[in-house]
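Asks: Residue numbers (this note's numbering), protein chains in the order written: chain D, 1050 to 1405; chain C, 1050 to 1405.
Don't be surprised by glycine CBs; every beta carbon is placed ideally from N, CA and C.
2 protein chains.
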Amino acid sequence: MSANATRRASIIGTGLIGGSVGLALRHLGWHVTGSDADPASAQRALELGAIDAVGLDPLSELSLVAAPVSAISTEVRRALAHTAGVVTDVGSVKASVVAEVDDPRFVGGHPMAGSEQLGVDGASADLFEGAVWVLTPVAGTDPDHFATVDAMARSLGADVVALDPNRHDALVAVVSHVPHLTAAALMTIADERSDEHAALLRLAAGGFRDMTRIAAGSPSIWPDICAENREAIVEVVDRLTEELARLKALVVADDRPGLIATLERAQAARRNLPSRSVQPEFLAEVRIPVPDREGAIAGVATLASDLAINIADFEIAHSSEGDRGVVIVLVDRAVAGIYQQSLVERGYRPSVRALD
Amino acid sequence: MSANATRRASIIGTGLIGGSVGLALRHLGWHVTGSDADPASAQRALELGAIDAVGLDPLSELSLVAAPVSAISTEVRRALAHTAGVVTDVGSVKASVVAEVDDPRFVGGHPMAGSEQLGVDGASADLFEGAVWVLTPVAGTDPDHFATVDAMARSLGADVVALDPNRHDALVAVVSHVPHLTAAALMTIADERSDEHAALLRLAAGGFRDMTRIAAGSPSIWPDICAENREAIVEVVDRLTEELARLKALVVADDRPGLIATLERAQAARRNLPSRSVQPEFLAEVRIPVPDREGAIAGVATLASDLAINIADFEIAHSSEGDRGVVIVLVDRAVAGIYQQSLVERGYRPSVRALD
Chain D
1050 MSANATRRAS
1060 IIGTGLIGGS
1070 VGLALRHLGW
1080 HVTGSDADPA
1090 SAQRALELGA
1100 IDAVGLDPLS
1110 ELSLVAAPVS
1120 AISTEVRRAL
1130 AHTAGVVTDV
1140 GSVKASVVAE
1150 VDDPRFVGGH
1160 PMAGSEQLGV
1170 DGASADLFEG
1180 AVWVLTPVAG
1190 TDPDHFATVD
1200 AMARSLGADV
1210 VALDPNRHDA
1220 LVAVVSHVPH
1230 LTAAALMTIA
1240 DERSDEHAAL
1250 LRLAAGGFRD
1260 MTRIAAGSPS
1270 IWPDICAENR
1280 EAIVEVVDRL
1290 TEELARLKAL
1300 VVADDRPGLI
1310 ATLERAQAAR
1320 RNLPSRSVQP
1330 EFLAEVRIPV
1340 PDREGAIAGV
1350 ATLASDLAIN
1360 IADFEIAHSS
1370 EGDRGVVIVL
1380 VDRAVAGIYQ
1390 QSLVERGYRP
1400 SVRALD
Chain C
1050 MSANATRRAS
1060 IIGTGLIGGS
1070 VGLALRHLGW
1080 HVTGSDADPA
1090 SAQRALELGA
1100 IDAVGLDPLS
1110 ELSLVAAPVS
1120 AISTEVRRAL
1130 AHTAGVVTDV
1140 GSVKASVVAE
1150 VDDPRFVGGH
1160 PMAGSEQLGV
1170 DGASADLFEG
1180 AVWVLTPVAG
1190 TDPDHFATVD
1200 AMARSLGADV
1210 VALDPNRHDA
1220 LVAVVSHVPH
1230 LTAAALMTIA
1240 DERSDEHAAL
1250 LRLAAGGFRD
1260 MTRIAAGSPS
1270 IWPDICAENR
1280 EAIVEVVDRL
1290 TEELARLKAL
1300 VVADDRPGLI
1310 ATLERAQAAR
1320 RNLPSRSVQP
1330 EFLAEVRIPV
1340 PDREGAIAGV
1350 ATLASDLAIN
1360 IADFEIAHSS
1370 EGDRGVVIVL
1380 VDRAVAGIYQ
1390 QSLVERGYRP
1400 SVRALD
């Protein structure tokens, strides 16, 4: 291919993820053709500039399948049959599709970016900036094709993490699938009890709200995910049940050192949870107690902008009870002192620690 | 008591909560005497203006025990013995202390306000503004003494919710104690797996971070809470285990309608979780997709201030994968349209719905 040839891609499934990849690749100069099971969605993608044309381009160097999990292997095989380039997908579960397709030109993928906004109207060219994009090469994967997908993901600003497909599925069961089911279970129990005691929901403060927030998401994607990743999900649910039984035994036995040891381990692990996609060795964590009110939050955030300090991560830890919160921001270690001092001058009481 | 007499209170335990009550009552003109098991803490409370004097004031109309859970009943009895007024406490568990003390002059209490900042240095006079403050009167409680504590809590800006002590304990097991243990269990499992697979933590996105955030809190208060509320905690852990087993069975059986029904119930319940201390009938929820970056968050929040729109509640829903988020603000229904229009003019894509 000459250096001046336009690179060509096809997007199969022009929803939020497919549309965002289309927008981003077109910004980078690619020619993007797109299709969707719902023709109106492909038409809308065309209107929004996410694709150049509707259809499947036989000259595609790269085809990206962003269809629902249950349709992925069929669409991947179709793209392999009609193009000579590499085919990748964006499904949340990987082992089954990788085993089913089994082709040197297929590279499984899972960009860990999304949004509550479903559909191409929520698409954005910078959706993948700083996101983790998992790729799941196997022994039969062609290295050049892998390199093409890897470079495409990086050109969209993503951090590529290569994992064995089974390992990917085991890990997302731990950090995504079982937490989602657990949030639903906690919310179900609260809902049952609130039928009897309306006061219950008045006692549900920030900590409970944080824990159950993901349960507010759309249920529609979960039957497929649960079916495709059944084994890993069942294994982690069993492990969670076991861990809850162990905690219950500590409570029943009033085993205080045992309880403290468990909670201290969890505390240390949570505090060291790395900021997404940023190396912790250059960051400091600034914790700023604030009321959960708009003025204080804006003040803390805009002060950083005023000082030209980039915020690598921003979260609000509600206290487990009540309305107060702590804004936790990660900033470059070199400027943490300046930020802290400016906050103190404005009446905040921040604490700063370097991340290990 | 004449209208001009200075009202007198004693605070036993001058940490975050006791110190905040002291500051707030002094702002309201009360004379506040305070003590602490650690004399340095009482001294610091004096320096910070949280108390007028160190000690226990025999003339106290109201004494508030803000000691650790295991010390509460002893301190309540001491306050009852040395004063003629009402005595209340702020412990997280209520049935045991109410049963142990059993005195018409004692009113159990639990202000649901706190902060990660431990100690009197984190105290603030407005800590209880908008917070729920549970009081647990029983058959033997003197109504006038109850009214005194109720009025004191309301004068600090709190919403008083009166509950039977056993009911209080059963409800906080659901919305606070078991969620905390569950967050620790999820974090423990992730930590185990991350020892083998360092990539795991790179896949831990916003949803997992939200769910485990409370596990970063201090473990020290939990052995007492678990000991005092053992029965309710065990009951809710059992119910959660049962619910997880039911979900697992749905996954194993690939029961898609069953899974969808469960997740839809949880979704509806979570979406209708009322904003703390605000009546939902006059509010609208505005959902604004944003990158999790400081500029966008500040923009959304300060725009409301610029328009003189009061934000009743403010939270950030991280998507279950990736860095994006949705800012969810609750505003008065009457001004939601103006806010939405101004957001659209600034390039946001908010959606608005009235709360049921």
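Spatial neighbours of residue 1317(D) within its chain, please: C-beta separation below 8 Å, excluding the five flanking residues on both sides.
Replies: Within the first sequence, the letter at position 268 stands for residue 1317(D). No residues qualify anywhere along the chain.
Asks: Which of helix, strand or coil does DSSP assign to residue 1272(D)?
Replies: Sequence index remark: in the first sequence, residue 1272(D) carries index 223 (1-based). DSSP places residue 1272(D) in helix when its eight states are reduced to three.
Asks: Chain D partners of residue 1143(C), CB-CB under 8 Å?
Replies: As a first step, residue 1143(C) is located in the second sequence; it is residue number 94 there, counting from the start. Correct list: empty, because the minimum Cβ distance to chain D is about 12 Å.
Asks: Residues in the stretch 1252-1281 of chain C with C-beta within 7 Å of chain D's C-beta atoms, listed in sequence order?
Replies: 1252, 1253, 1254, 1256, 1257, 1258, 1259, 1260, 1261, 1262, 1263, 1264, 1265, 1266, 1268, 1271, 1272, 1275, 1276 and 1279
Asks: Leaving out five residues on either side along the sequence, give the residues of the same chain with a beta carbon under 6 Å from the beta carbon of residue 1134(D).
Replies: To locate residue 1134(D), count along the first sequence from 1; it is residue 85. If we look at residue 1134(D) and ignore the five residues flanking it on each side, its Cβ neighbours are 1109, 1110 and 1111.
Asks: Return the chain-ordered list of same chain residues with a C-beta closer than 7 Å to the C-beta of residue 1335(C), the five sequence neighbours on each side being excluded.
Replies: On the second sequence, position 286 is the one that residue 1335(C) refers to. These residues qualify, in order along the chain: 1378, 1380, 1385, 1388, 1389, 1399 and 1401.
Asks: Considering just the uninterrupted stretch of the beta strand (DSSP E) at residue 1138(D), what are its terminal residues?
Replies: The residue given as residue 1138(D) occupies position 89 in the first sequence. That run of the beta strand (DSSP E) goes 1135-1138.
Asks: Please return the same chain residues whose Cβ sits closer than 7 Å to the Cβ of residue 1154(C), not counting the five positions on each side in sequence.
Replies: Here the question's residue 1154(C) lines up with position 105 in the second sequence. Only 1129, 1135, 1136, 1191 and 1194 meet the Cβ criterion.
Asks: So, helix, strand or coil for residue 1058(D), using DSSP?
Replies: Walking along the first sequence from the start, residue 1058(D) turns up at place 9. Strand, per DSSP.
Asks: What residues of chain C sit near residue 1314(D), judged by a beta carbon separation below 7 Å?
Replies: On the first sequence, position 265 is the one that residue 1314(D) refers to. Within chain C, the C-beta atoms nearer than 7 Å to that of residue 1314(D) come from 1237 and 1240, in chain order.
Asks: Figure out for me which residue from 1253(D), 1089(D), 1303(D) and 1127(D) has the closest Cα to the Cα of residue 1106(D).
Replies: As a first step, residue 1106(D) must be located in the first sequence, where it is residue number 57. Comparing Cα-Cα distances from residue 1106(D) to each of 1253(D), 1089(D), 1303(D) and 1127(D), the minimum goes to 1127(D).
Asks: Please list, in chain order, all residues of the same chain as residue 1260(C) whose beta carbon is under 7 Å from its beta carbon, the five residues on each side excluded.
Replies: Here residue 1260(C) is taken as the residue at index 211 of the second sequence, counted from 1. Answer for residue 1260(C): 1232 and 1235, listed in chain order.
Asks: What are the uninterrupted segments assigned as beta strand (DSSP E) that are 3 or more residues long and contained completely in the stretch 1149-1195 of chain D, given in chain order?
Replies: 1155-1160 and 1181-1185
Asks: Between residue 1200(D) and residue 1207(D), what straight-line distance do the alpha-carbon atoms span, to the nearest angstrom?
Replies: One-based indexing of the first sequence puts residue 1200(D) at position 151. One-based indexing of the first sequence puts residue 1207(D) at position 158. Approximately 10 Å, taken between the alpha carbons.
Asks: Just list the beta strand (DSSP E) runs in the stretch 1071-1123 of chain C, keeping only unbroken ones of 3 residues or longer that don't cross its boundaries, in chain order.
Replies: 1080-1084 and 1111-1114
Asks: Using the beta-carbon count (16 or more within 10 Å), is residue 1146(D) buried or exposed?
Replies: The sequence position of residue 1146(D) within the first sequence is 97, counting from 1. Residue 1146(D) comes out buried.
Asks: Please name the residue in 1281(C), 1257(C) and 1093(C) whose C-alpha comes closest to that of residue 1300(D).
Replies: Residue numbering aside, residue 1300(D) sits at position 251 when the first sequence is read from its first letter. Comparing Cα positions, the closest option is 1281(C).
Asks: Answer with yes or no whether the minimum CB distance from residue 1292(D) to chain C is below 9 Å.
Replies: In the first sequence, counting from the first residue as 1, residue 1292(D) sits at position 243. Cβ-Cβ to chain C under 9 Å: yes for residue 1292(D).
Asks: For residue 1395(D), count neighbouring Cβ atoms within 10 angstroms of its own Cβ and tell me buried if that reaches 16, exposed if not.
Replies: As a position in the first sequence, residue 1395(D) is number 346, starting the count at 1. Residue 1395(D) is exposed by the Cβ-count criterion.
Asks: Spatial neighbours of residue 1078(C) within its chain, please: C-beta separation below 8 Å, excluding the five flanking residues on both sides.
Replies: For the purposes of this step, residue 1078(C) is taken as the residue at position 29 of the second sequence. Correct list, in chain order: 1055 and 1056.
Asks: Checking 9 Å against the spacing of the C-beta atoms, do residue 1248(C) and residue 1220(D) come in under that value?
Replies: Counted from its first residue, the second sequence places residue 1248(C) at position 199. Counted from its first residue, the first sequence places residue 1220(D) at position 171. Yes; because the gap between Cβ atoms is below 9 Å, this pair is in contact.
Asks: If we require 4 or more residues per run, which alpha helix (DSSP H) segments fall completely within the stretch 1234-1314 of chain D?
Replies: 1248-1251, 1255-1261, 1271-1277 and 1279-1301
Asks: Looking only at its chain, what residues have a beta carbon closer than 6 Å to the beta carbon of residue 1397(C), apart from the 5 residues adjacent to it on each side?
Replies: On the second sequence, position 348 is the one that residue 1397(C) refers to. Within the same chain, residue 1397(C) has close Cβ partners 1337.
Asks: From 1073(D), 1074(D), 1066(D) and 1076(D), pick the residue whose C-alpha is nearest to that of residue 1085(D); which is it?
Replies: Taking the first sequence and counting its residues from 1, the one referred to as residue 1085(D) is at position 36. Minimum Cα distance to residue 1085(D) is reached at 1066(D).
Asks: With burial defined as no fewer than 16 other Cβ atoms inside 10 Å of the residue's Cβ, what is the status of residue 1266(C): buried or exposed?
Replies: Translated into positions along the second sequence, residue 1266(C) becomes position 217. Label assigned to residue 1266(C): buried.
Asks: Between residue 1343(C) and residue 1063(D), what straight-line distance do the alpha-carbon atoms span, to the nearest angstrom?
Replies: Position 294 of the second sequence, counting from 1, holds the residue named residue 1343(C). Position 14 of the first sequence, counting from 1, holds the residue named residue 1063(D). The predicted model places residue 1343(C) with a pLDDT of 49, which falls under 50 and marks its position as unreliable; any figure quoted below should be read in that light. For residue 1343(C) and residue 1063(D), the distance between alpha carbons rounds to 29 Å.
Asks: Check each residue of the stretch 1066-1077 of chain D: if its Cβ is closer than 7 Å to any Cβ of chain C, include it; give the result in chain order.
Replies: none
Asks: Since residue 1100(C) and residue 1071(C) are thought to touch, with beta carbons under 8 Å apart, how far apart are those beta carbons, to the nearest angstrom?
Replies: One-based indexing of the second sequence puts residue 1100(C) at position 51. One-based indexing of the second sequence puts residue 1071(C) at position 22. Right, their Cβ atoms sit about 5 Å apart.
Asks: Between residue 1231(D) and chain C, is the shortest Cβ-Cβ distance under 9 Å, so that the two count as touching?
Replies: Counted from its first residue, the first sequence places residue 1231(D) at position 182. True, the Cβ-Cβ gap to chain C drops below 9 Å.
Asks: Taking 9 Å as the CB-CB cut-off, is residue 1338(C) touching chain D?
Replies: For the purposes of this step, residue 1338(C) is taken as the residue at position 289 of the second sequence. Chain D contact via Cβ: present.
Asks: Quick check: is the beta carbon of residue 1121(C) nearer than 9 Å to any beta carbon in chain D?
Replies: Taking the second sequence and counting its residues from 1, one reaches residue 1121(C) at position 72. Not an interface residue.
Asks: For residue 1391(D), report the span of its alpha helix (DSSP H) as first-last.
Replies: Translated into the one-based positions of the first sequence, residue 1391(D) becomes position 342. First-last of the alpha helix (DSSP H) with residue 1391(D): 1385-1394.
Asks: So, at 8 Å on beta carbons, what are the nonlocal neighbours of residue 1091(C) in its own chain, with the 5 sequence-adjacent residues on each side left out?
Replies: Position 42 of the second sequence holds residue 1091(C). Excluding residues within five positions, the ones whose Cβ falls inside 8 Å are 1063, 1083, 1084, 1085, 1100 and 1103.
Asks: Using alpha carbons as the reference points, say which of 1189(D), 1251(D), 1073(D) and 1157(D) lies closest to residue 1212(C).
Replies: As a first step, residue 1212(C) must be located in the second sequence, where it is residue number 163. The shortest C-alpha separation from residue 1212(C) is found at 1251(D).
Asks: Going by the DSSP bridge assignment, what does residue 1208(D) pair with across the sheet?
Replies: For the purposes of this step, residue 1208(D) is taken as residue 159 along the first sequence, with counting starting at 1. Looking at the DSSP assignment, residue 1208(D) forms a beta bridge with 1181(D).
Asks: Can you tell me the Cβ-Cβ gap for residue 1314(C) and residue 1244(D), rounded? I've got them flagged as a contact below 8 Å.
Replies: Against the second sequence, residue 1314(C) aligns to sequence position 265. Against the first sequence, residue 1244(D) aligns to sequence position 195. In this structure residue 1314(C) does not touch residue 1244(D) by the C-beta definition: roughly 11 Å separates them, more than the 8 Å allowed.
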